[in-house]
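Here's the structure, in structure tokens; my notes come after.
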Amino acid sequence: MATVFSVISWIVFGALVGLIARFLVPGRQSMTMLMTIVLGIVGSFVGGAISWLIFGTPTGNINPAGWIMSIVGAIIVVLVYVRLQTPKSA
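Take 155 as the starting number for the sequence shown in the working numbering and just add one per residue.
Okay, here's the thing in structure tokens:
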């Protein structure tokens with residue numbers, strides 16, 4: 155069961171990862187802070203899945219590679235989001 159602290163931690167982590175990803179993706183992304191948090195959290199799951207596929211189960215609680223893969227995952231998610239939001243030219 156999620157505690158209030160764990161929910162707040164996910165929101166803060168998602169905001170940090172989402173903001174870093176948005177900063178690293180070139181161009182302007184028009185999205186709200188809530189969407190940045192959601193994309194950061196989703197990107198963390200994507201990065202974690204990629205890390206798990208490559209390296210297997212992590213050892214330890216805090217891992218710098220986890221942060222890096224979370225940011226990589228968030229960059230992927232932001233790029234997909236921006237691509238889906240861009241109107242198609244006829």
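Each residue gets a CB set at the ideal place from its N, CA and C atoms; glycine is no exception. Note that the coordinates shown come from a computational prediction; the quantities given were computed from them, not determined experimentally.
- Answer with buried or exposed for GLY210, where buried requires no fewer than 16 other C-beta atoms within 10 angstroms of its C-beta. Along the sequence shown, one-based indexing puts residue 210 at 56. With fewer than 16 Cβ atoms within 10 Å of its Cβ, GLY210 is classed as exposed.
- Short check: CB of GLY181 to CB of SER205, under 8 Å? Your numbering for residue 181 matches position 27 in the sequence shown. Your numbering for residue 205 matches position 51 in the sequence shown. Cβ atoms of GLY181 and SER205: not closer than 8 Å.
- Message: Can you list, in chain order, the residues of its chain with a C-beta nearer than 7 Å to that of THR190? Leave out the 5 residues immediately preceding and following it.
- Response: Start at 1 with the first residue of the sequence shown, and residue 190 comes out as number 36. Counting only Cβ-Cβ distances below 7 Å, and skipping sequence neighbours, we find ALA169, GLY172, LEU173, ARG176.
- Quick one: using the 10 Å Cβ neighbour count with 16 as the cut-off for buried, is ALA228 buried or exposed? Within the sequence shown, the letter at position 74 stands for residue 228. Taking all protein chains shown into account, ALA228 has 16 or more neighbouring C-beta atoms within 10 Å of its C-beta and is therefore buried.
- Candidates ILE162, SER184, LEU207: which alpha carbon is nearest VAL236's? Counting from one through the sequence shown, the residue named residue 236 turns up at place 82. Nearest of ILE162, SER184, LEU207 to VAL236, Cα basis: SER184.
- How is the alpha helix (DSSP H) around SER184 delimited, first residue to last? Reading the sequence shown from its first residue, position 30 is the one you call residue 184. Per DSSP, SER184 lies in no alpha helix (DSSP H) and is assigned neither H nor E.
- Task: Can you give me the start and stop residues for the alpha helix (DSSP H) that GLY172 sits inside?
- Result: As a first step, residue 172 must be located in the sequence shown, where it is residue number 18. Start and end: 158 to 178.
- In whole angstroms, what is the alpha-carbon distance linking PHE199 and PRO241? On the sequence shown, residue 199 is found 45 positions in, with the first residue counted as 1. On the sequence shown, residue 241 is found 87 positions in, with the first residue counted as 1. PHE199 and PRO241 have their C-alpha atoms spaced approximately 27 Å apart.
- Task: Round the Cβ separation of ILE230 and GLY197 to the nearest angstrom and send it over; I've been treating them as touching at under 8 Å.
- Result: Along the sequence shown, one-based indexing puts residue 230 at 76. Along the sequence shown, one-based indexing puts residue 197 at 43. Right, the Cβ-Cβ distance comes to about 7 Å (below 8 Å), so this counts as a contact.
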